[in-house]
Amino acid sequence: MSTHIRSEPAQKRARTLEPMCGIVGYVGSRPSQDILLAGLARLEYRGYDSAGIAVIDDAGSLGMRKKAGKLRALRDSLADAALADGHTGIGHTRWATHGGPTDANAHPHLADDDRLALIHNGIIENFAALRAELEAEGTTFRSETDTEVAAALLGHEFRRTGNLAEAFRAVVNRLEGAFTLLAVHQDEPGLVVAARRNSPLVIGLGEGENFLGSDVAAFVEHTRHALAVGEDEIVTITPSAVTVTDFAGNVVEPVPFEVSWDPASAEKGGWPSFMAKEVAEQPEAVANTIRGRVHDGAVVIPELEGSDDLFRGIDRVIITACGTASYAAMVGKYALEQWARVPVDVELAHEFRYRDPVIGANTLVVSISQSGETMDTLMAVKYANERGARTLSICNTQGATIPRESDAVVYTHAGPEVAVASTKAFVAQITALLLLGLHAGRVRGSVSAADAAEAVAELEALPAKIATVLSEEQAHVTQLGGWMADTRSVLFLGRHVGYPIALEGALKLKEISYIHAEGFAAGELKHGPIALIEPGQPVFVLVPSPRHSALLHAKVVSNIQEIRARGARVIVVAEEGDAAVLPFADEVIRIPLAGALFEPLLAVVPLQIFAMALATAKGLDVDQPRNLAKSVTVE
Ligand code: AGP
């Protein structure tokens, strides 16, 4: 593809594990505590079991505070007794791996007589050997973490070299595994040093100030000018300069990019939760993803310019992703096969590379990831690259690792998604896949201009139709969720593109309301799942339009009758005017008329609202469900 954005060769590495933590760094002239805490609030989706900051104050002393629990606990502690403020600092929000979520295990970790502070996202695989070596030399440790070992090593090296960047170089070359490390030392105020291997790091460029973050959300309210950091690179930031080197000390040129996210969109802005806000933003997410990609009734994706030969030459597409993104992939399969007439397989990224898939130079591997950092998906992309496939990512986060490892990227423009449960990113992913299907169909000559124009009209009508579902059904579905707060299990049935939506409806409910939920292909019902139906069992049924396939519609209506006969409480999602479902439905949720491939973007909305309402009725935190982090960077 001409849009070759890979800035470095895909690197073959030992399999690594990386936990999900959020990292922020600041140097400038403003009080650093406020900037660090605001950055951590935006990164809290990456982990929220403890948080901490370290600041070099104006007297040149290092202050540090860290607390188990959500960021609120750290804020409360700082409100009770603030650290002396300064203009250089680092902050961390943690998702525990080595050592439980305690104050002691929270980051930062201190070394060099508490004059140095270090934070870490990743897993240092050889930490046990390094710790034993340091303990033999007399170092004592205060935590169970692998991170404190890196801090202690850095302390030793700083004492030897008197230079933080040089000390960093010595340390990173001894570490195995995955890490983003940030450190400050009180002897070098006005400097933050960082390093990256298999773990995300981006730089924000300000006026007289600079930032570091796990992703751009950490600093987007201050600057949209950013630099991507490559694998195995060390970064130093001061208020006026940014330097990037490789681990050997050779200067490298980082790749600049502009962040298009509106900073206000990463704020809750009066909504009860980020999830509620993000559900409401779905019309905009779809419209923004379409924008600039439709010309004269045809889809032309500018990022794919120059890749026509590739699209004509491919004989197979594999779409790989995890979780919600994999359900978007399932919808994408229908679209690509229909319009581009190419066989498509959908593979969960964590299954894909543990077998021996048939991949060649004519295989296009499409990865989908909101965060662009999901480790399973990243490793699948690297594997596809190694096997000689062409790789294209559909991603929502600029500067993320997966697009950097891919031959090309089609960004979804959903804006920052903060709630752990994915909503607006999902509809944007499906939109991008529909666009990709129409783009590839045009290039391959497999979709007629008339069909393409009709599909484009459907696409462009989607934002208004999603808005209609939101305005017409929000109150009704919220009420249903409230009534069903004590429900212990909910089933979801769908066929064709309704099947992945059934899976997504079940996933939304599981992850934020903690109740049992299953999605099934409705045709599979009689092959086993119907045994689950007992009187009162709530079942959502996604009914396809009779206008597209009377046969499919009739089959789903007969599935409804089968479960109803066994006592199920049937909640139907059906298009306006479909009267065939009325005799058998306890509740009917209406969606506007749309083409078959476009219905998923409408049908998913009530399922998201239902999950949110039920979780809220149970008094749960819908944005930060237990045990989860948004960006799953653990294999
Ligand atoms: C969605 O609600 C989930 N939190 C999860 O399944 C998510 O979609 C999955 O982990 C993939 O994340 P990604 O899109 O950032 O790669």
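Numbering (the working numbering), first residue to last: 158 to 792. Ideal placement from N, C-alpha and C gives every residue a C-beta, glycine not left out.
For K224, three-class secondary structure by DSSP: strand
First and last residue of the uninterrupted alpha helix (DSSP H) at V626: 606 to 640
Buried versus exposed call for R448 [16 or more other C-beta atoms within 10 Å across all chains shown]: exposed
Contact set for K667: own chain, Cβ-Cβ below 6 Å, skip 5 residues either direction: A674
Extent of the continuous alpha helix (DSSP H) run through P763: 756 to 774
With 16 other Cβ atoms within 10 Å as the buried cut-off, status of R299: exposed
Cβ-heavy atom distance, T534 to ligand 1, below 8 Å: Residue side-chain check: T534 places its Cβ nearer than 8 Å to a non-hydrogen atom of ligand 1.
Whole-angstrom distance between T302 and A286, CA atom to CA atom: 13 Å
Contact under 9 Å by Cβ, K223 with A263: yes
Simplified DSSP assignment, three categories, for I587: helix
Other residues of its chain near A589: CB distance less than 6 Å, five sequence neighbours each side excluded: Contacts found: T446, I551, V567, T569.
Proximity test, G427 beta-carbon vs ligand 1 heavy atom, cut-off 8 Å: no
Closest Cα partner of A659 within the set A485, E460, Q527: Of the candidates A485, E460, Q527, the residue whose Cα lies closest to the Cα of A659 is A485.
K665 classed as buried or exposed, judged by whether at least 16 other C-beta atoms fall within 10 angstroms: buried
Segments of 4+ residues assigned as alpha helix (DSSP H) that fall wholly inside the segment 647 to 733: 655 to 670, 707 to 722
Member of S430, E691, G676 whose CA lies at the smallest distance from the CA of F697: G676
Rounded Cβ spacing between V416 and A383 (contact assumed at less than 8 Å): 6 Å
CA-to-CA distance, S646 to G480, given in whole angstroms: 20 Å
Rounded separation between A597 and L493 - CA only: CA-to-CA, the gap between A597 and L493 works out to about 8 Å.
Three-state secondary structure assigned by DSSP to E494: The answer is helix: DSSP assigns E494 an H, G or I state.
CB contact flag (R601, R510, <9 Å): At a Cβ-Cβ threshold of 9 Å, R601 and R510 do not count as neighbours.
Any non-hydrogen atom of ligand 1 within 8 Å of L764 CB: no
Check: G489 C-beta below 8 Å from any heavy atom of ligand 1: no
Buried versus exposed, by CB contacts within 10 Å (16 or more), T534: Its Cβ being crowded by 16 or more others within 10 Å, T534 is buried.
Residues that I394 bridges to, as DSSP identifies them: V349, V399
Residues near R787 by beta carbon distance below 7 Å, same chain, minus five either side: A small correction: the amino acid at residue 787 is Lys; Arg does not occupy that position in the sequence shown. Closer than 7 Å at Cβ, skipping near neighbours: Y202, R203, S528, V577.
First through last residue of the alpha helix (DSSP H) which encompasses R187: From DSSP, R187 is part of no alpha helix (DSSP H); its letter is neither H nor E.
Near ligand 1: T548 beta-carbon under 8 Å from a heavy atom: no
Test item: CB-CB of V761 and V584 under 9 Å: The answer is yes: Cβ separation under 9 Å.
Assigned secondary structure, A433 (DSSP; H/G/I helix, E/B strand, else coil): helix
Close beta carbons around A230, own chain, < 7 Å, minus the five adjacent residues each side: K224
Own chain, CB closer than 6 Å to Q694, minus 5 neighbours either side, in chain order: When the five nearest sequence neighbours on each side are left out, the beta carbons in the same chain lying within less than 6 Å of the beta carbon of Q694 are those of A725, in order along the chain.
Any non-hydrogen atom of ligand 1 closer than 8 Å to Q527 Cβ: yes
Given D191 as reference, the closest of Y205, A774, D206, G246 once Cα atoms are compared: Closest by alpha carbon: G246.
Buried versus exposed, by CB contacts within 10 Å (16 or more), K683: Of the residues assessed, K683 falls on the exposed side of the cut-off, its CB having fewer than 16 other CB atoms within 10 angstroms.
Buried versus exposed, by CB contacts within 10 Å (16 or more), G334: buried
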